[in-house]
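Colleague: Residue numbers (our numbering): 5 to 402.
My questions all concern the structure below.
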Amino acid sequence: MQITTFQPPHRTLMGPGPSDVHPRVLEALGRPTIGHLDPQFVTMMDELKQLLQYAFRTSNPLTIPVSGPGSAGMETAFVNLVEPGDTVIVCINGVFGGRMKENVERCGATAVVVEDAWGHPVDVDKVELALKEHPEASVLAFVHAETSTGARSDAETLCRLAHEYGCLVIVDAVTSLAGIPVEIDAWGVDAVYSGSQKCLSCTPGLSPVSFSPRAVERIRSRTHKVQSWFLDLNLVMGYWGSADTTPKRAYHHTAPINALYGLHESLVMLAEEGLEASWARHERMHEALAAGLEAMGLEFIVEAPWRLPQLNAVRVPVGVDEATVRQRLLAEFDLEIGGGLGALAGKAWRIGLMGYAARPENVRLCLEALATALAGTEGIDATAGLPAAQALLERAAA
Ligand code: PLP
């Protein structure tokens, strides 16, 4: 056999995720593996829960990382809170709302869809109408930060509406956590899931989740068993010792030990920086990048008030093949940006500024690389980007 050790190239990750992993996280991943019920590991698990409570701004005891990617966090929320025969209002304004609908249907429930155009936020008036028309609905579900389009939705208002109409609320915060405010307790979110690979500067494969006491009550009083054994929180709680009644740890599955060291390190870094400072950094880097992209003549897909700082979706100029540009950035600059998905396939680039990737050198690299790849394109002033961004970066540093 010719296969030898895999040595990946060093890339700069400015797509929709995974994003650049901080060197401190990479170093933490290589620390000695210990048993998953070792007292020192259990102490680290407790710290992880506290750190996640800080990141989510919650005091929910059931705040843990699910051993699986964001999609596993999504399924955890749905399989635990939705029972066969339930009605769930699902907001779809991009790819990930569509996956929520799929989850609802696989739970044997009915999804009432509130649809908005890609690139637009969820329309709160339409949601209120759906809640009025469906008094039987027990859950409202929406994506806070739609990674497929770069649009933020008004999570606070949507949570308030859900509660006014007696619904629990499931929020996808995969891309929002640590990049923009996510206020689990202040908004009254009942179930939230995120991902380690976006604004937390960590490797992919873990999904921080948090469930309110109201949600835990709903899970404990289910009439049907959760159909997924692995994601059944009644069992997972026994391992993480999350709720009040289960202080002792019992084996459920073998935790991804080293991956959890990585998440722990990334959350320690977040606490050191401070959540507000992290949000502000994402905003500053976005402002600089946006100034550069717009000075070049590129247009944002999302209206300014709803733009996510950590996910900048711009239209591909007429006559440019979007995939060729991305290939060039990768080959010549070791830089990854994302293409459009679904309705935006071939029409958009998605430029991430997530976590450790939200830093001045990345903003400069991206604008330099795009200037090279788009030189000579009609309607594009390729060299105007970098100076426009540089002015803002210098002002921010002063
Ligand atoms: N939800 C959103 C908004 C996402 O952006 C993603 C991944 O990009 C997911 C869910 C799924 O996460 P994962 O790919 O880690 O399973």
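All C-beta atoms in this analysis are idealised placements derived from N, C-alpha and C, irrespective of residue type, glycine included.
Computed from a predicted model, the values in this text were never measured in an experiment.
Is any heavy atom of the ligand PLP found at a distance shorter than 7 Å from the C-beta of threonine 381?
Modeller: The sequence position of residue 381 within the sequence shown is 377, counting from 1. Flag unset: Cβ of threonine 381 not near the ligand PLP.
Colleague: Taking the alpha-carbon positions, what's the valine 240 to alanine 32 distance?
Modeller: Locating residue 240 in the sequence shown gives position 236, counting from the first residue. Locating residue 32 in the sequence shown gives position 28, counting from the first residue. Taking the straight line joining both Cα atoms gives about 25 Å.
Colleague: Count the other CB atoms within 10 Å of the CB of threonine 249; is the residue buried (16 or more) or exposed (fewer)?
Modeller: The count along the sequence shown starts at 1 and reaches residue 249 at position 245. With a pLDDT of 49 at threonine 249, under the threshold of 50, the modelled position of that residue is not reliable, and the figure given next carries that caveat. It is exposed - the Cβ of threonine 249 has fewer than 16 other Cβ atoms within 10 Å.
Colleague: Within 10 Å of its beta-carbon, does glycine 383 have 16 or more other beta-carbons around it, so buried, or fewer, so exposed?
Modeller: Locating residue 383 in the sequence shown gives position 379, counting from the first residue. Glycine 383 is exposed by the Cβ-count criterion.
Colleague: If you draw a straight line from the C-alpha of valine 4 to the C-alpha of glycine 356, how long is it?
Modeller: Within the shown structure, residues of the chain are numbered from 5 to 402, placing residue 4 beyond reach of any answer.
Colleague: Should the segment 85 to 96 be regarded as contacting the segment 221 to 230, the criterion being three or more beta carbon pairs within less than 8 Å?
Modeller: yes
Colleague: Out of Thr207, Glu106 and Asn262, point me to the one whose CA is closest to arginine 35's CA.
Modeller: The count along the sequence shown starts at 1 and reaches residue 35 at position 31. Here the closest residue by C-alpha is Asn262.
Colleague: Do methionine 104 and valine 116 count as a contact pair if the criterion is CB distance below 8 Å?
Modeller: Working through the sequence shown from its first residue, we reach residue 116 at position 112. Working through the sequence shown from its first residue, we reach residue 104 at position 100. Between valine 116 and methionine 104, the C-beta gap is not smaller than 8 Å, which leaves the two residues out of contact.
Colleague: Between the segment 392 to 402 and the segment 313 to 328, are three or more C-beta pairs nearer than 8 Å?
Modeller: no
Colleague: Hey, is glycine 21 close to the ligand PLP, as in C-beta under 7 Å from one of its heavy atoms?
Modeller: For the purposes of this step, residue 21 is taken as the residue at position 17 of the sequence shown. Checking the Cβ of glycine 21 against the ligand PLP gives yes.
Colleague: Could you give the residue range of the beta strand (DSSP E) that holds cysteine 370?
Modeller: Locating residue 370 in the sequence shown gives position 366, counting from the first residue. No beta strand (DSSP E) holds cysteine 370; the alpha helix (DSSP H) holding it covers 364 to 378.
Colleague: Does the ligand PLP have even one heavy atom less than 7 Å from the beta-carbon of methionine 241?
Modeller: Position 237 of the sequence shown, counted from the start, is the residue given in the question as residue 241. No.
Colleague: Return the bridge partner residues of cysteine 95 from the DSSP annotation.
Modeller: Against the sequence shown, residue 95 aligns to sequence position 91. DSSP lists Val118 as partners of cysteine 95.
Colleague: Quick check: what's the CA-CA separation for lysine 130 versus proline 309?
Modeller: Within the sequence shown, numbered from 1, the residue matching residue 130 stands at position 126. Within the sequence shown, numbered from 1, the residue matching residue 309 stands at position 305. Rounded to the nearest angstrom, the two C-alpha atoms are 19 Å apart.
Colleague: Quick one, which of Leu55, Gly296 and Lys202 has its alpha-carbon nearest glycine 278's?
Modeller: Looking up residue 278 in the sequence shown gives position 274. Closest by alpha carbon: Leu55.
Colleague: State the CB to CB distance for the pair glycine 296 and glutamate 326, rounded to an integer number of angstroms; the pair is presumed to be in contact (CB under 8 Å).
Modeller: Taking the sequence shown and counting its residues from 1, the one referred to as residue 296 is at position 292. Taking the sequence shown and counting its residues from 1, the one referred to as residue 326 is at position 322. Wrong, their Cβ atoms sit about 18 Å apart, outside the cutoff.
Colleague: Once DSSP output is grouped into helix, strand and coil, what is the label at tryptophan 353?
Modeller: As a working note, residue 353 is residue 349 in the sequence shown. Of the three classes helix, strand and coil, the one that applies to tryptophan 353 here is strand, per DSSP.
Colleague: How about phenylalanine 146: is its Cβ closer than 7 Å to a heavy atom in the ligand PLP?
Modeller: As a first step, residue 146 is located in the sequence shown; it is residue number 142 there, counting from the start. False, no ligand heavy atom lies under 7 Å from that Cβ.
Colleague: Would you mind reading off the limits of the alpha helix (DSSP H) that contains alanine 177?
Modeller: Here residue 177 corresponds to residue number 173 of the sequence shown, with the count starting at 1. Counting along the chain, alanine 177 falls outside any alpha helix (DSSP H), and DSSP gives it neither H nor E.
Colleague: For proline 20, which residues of its own chain have a beta-carbon under 7 Å away from its beta-carbon, when the five flanking residues on both sides are left out?
Modeller: Within the sequence shown, numbered from 1, the residue matching residue 20 stands at position 16. So the qualifying residues of the chain are Thr151, Leu315, Gly342, Arg354 and Gly356.
Colleague: At the level of alpha carbons, what is the spacing between proline 69 and proline 185?
Modeller: Walking along the sequence shown from the start, residue 69 turns up at place 65. Walking along the sequence shown from the start, residue 185 turns up at place 181. For proline 69 and proline 185, the distance between alpha carbons rounds to 19 Å.
Colleague: Quick one: what does DSSP say serine 214 is sitting in, helix, strand or coil?
Modeller: As a position in the sequence shown, residue 214 is number 210, starting the count at 1. In the structure shown, serine 214 sits in a strand (DSSP, three-state: E or B).
Colleague: Would you verify that the beta carbon of glycine 112 is, or is not, closer than 8 Å to some beta carbon of chain C?
Modeller: The chain labelled as chain C is not found in the depicted structure, where only one protein chain is given.
Colleague: To the nearest angstrom, how far is the alpha carbon of alanine 254 from that of asparagine 107?
Modeller: Against the sequence shown, residue 254 aligns to sequence position 250. Against the sequence shown, residue 107 aligns to sequence position 103. In this model, alanine 254 and asparagine 107 are separated by some 28 Å (Cα to Cα).
Colleague: Distance check for threonine 16 and leucine 172, CA to CA, integer angstroms please.
Modeller: Position 168 of the sequence shown, counting from 1, holds the residue named residue 172. Position 12 of the sequence shown, counting from 1, holds the residue named residue 16. Taking the straight line joining both Cα atoms gives about 39 Å.
Colleague: Tell me whether leucine 394 counts as near the ligand PLP, meaning its Cβ is closer than 7 Å to at least one heavy atom of that ligand.
Modeller: One-based indexing of the sequence shown puts residue 394 at position 390. Per the sequence presented here, residue 394 reads as glutamine, with leucine not at that position. Not under cutoff, so the answer is no.
Colleague: What residues in its chain sit with their C-beta under 7 Å from that of threonine 258, if we drop five residues either side in the sequence?
Modeller: Within the sequence shown, residue 258 is the residue found at index 254, counting from 1. If the five residues before and after threonine 258 are omitted, its C-beta is found closer than 7 Å to the C-beta atoms of His40, all from its own chain and listed in chain order.
Colleague: Considering Cα atoms alone, identify which of Gln11, Ile174, Gln331 and Leu271 is closest to methionine 48.
Modeller: One-based indexing of the sequence shown puts residue 48 at position 44. Cα-wise, what sits closest to methionine 48 is Leu271.
Colleague: Does the Cβ of glycine 389 have 16 or more other Cβ atoms within 10 Å, making it buried, or fewer, making it exposed?
Modeller: For the purposes of this step, residue 389 is taken as residue 385 along the sequence shown, with counting starting at 1. It counts as buried.
Colleague: Would serine 142 pass as a contact of threonine 91 if the rule is Cβ separation under 8 Å?
Modeller: Taking the sequence shown and counting its residues from 1, the one referred to as residue 142 is at position 138. Taking the sequence shown and counting its residues from 1, the one referred to as residue 91 is at position 87. Note that the C-beta distance between serine 142 and threonine 91 is below 8 Å.
Colleague: What is the C-beta distance between valine 193 and serine 216, in whole angstroms, given that I count them as a contact (C-beta under 8 Å)?
Modeller: In the sequence shown, counting from the first residue as 1, residue 193 sits at position 189. In the sequence shown, counting from the first residue as 1, residue 216 sits at position 212. Between serine 216 and valine 193 the Cβ distance is about 7 Å, and since that is below 8 Å, they are a contact.
Colleague: Between the beta-carbon of glutamate 187 and the beta-carbon of leucine 165, is there less than 8 Å?
Modeller: Looking up residue 187 in the sequence shown gives position 183. Looking up residue 165 in the sequence shown gives position 161. No.
Colleague: In whole angstroms, what separates the C-alpha of phenylalanine 234 from that of valine 213?
Modeller: As a first step, residue 234 is located in the sequence shown; it is residue number 230 there, counting from the start. As a first step, residue 213 is located in the sequence shown; it is residue number 209 there, counting from the start. The alpha-carbon atoms of phenylalanine 234 and valine 213 are separated by roughly 15 Å.
Colleague: Quick check: is any heavy atom of the ligand ADP less than 7 Å from the C-beta of threonine 151?
Modeller: The ligand ADP is absent from the structure shown, which contains only the ligand PLP.
Colleague: Pick helix, strand or coil for glycine 183, following the three-state DSSP scheme.
Modeller: Along the sequence shown, read from residue 1 onward, the residue named residue 183 stands at position 179. Three-state DSSP puts glycine 183 in coil, outside helix and strand.
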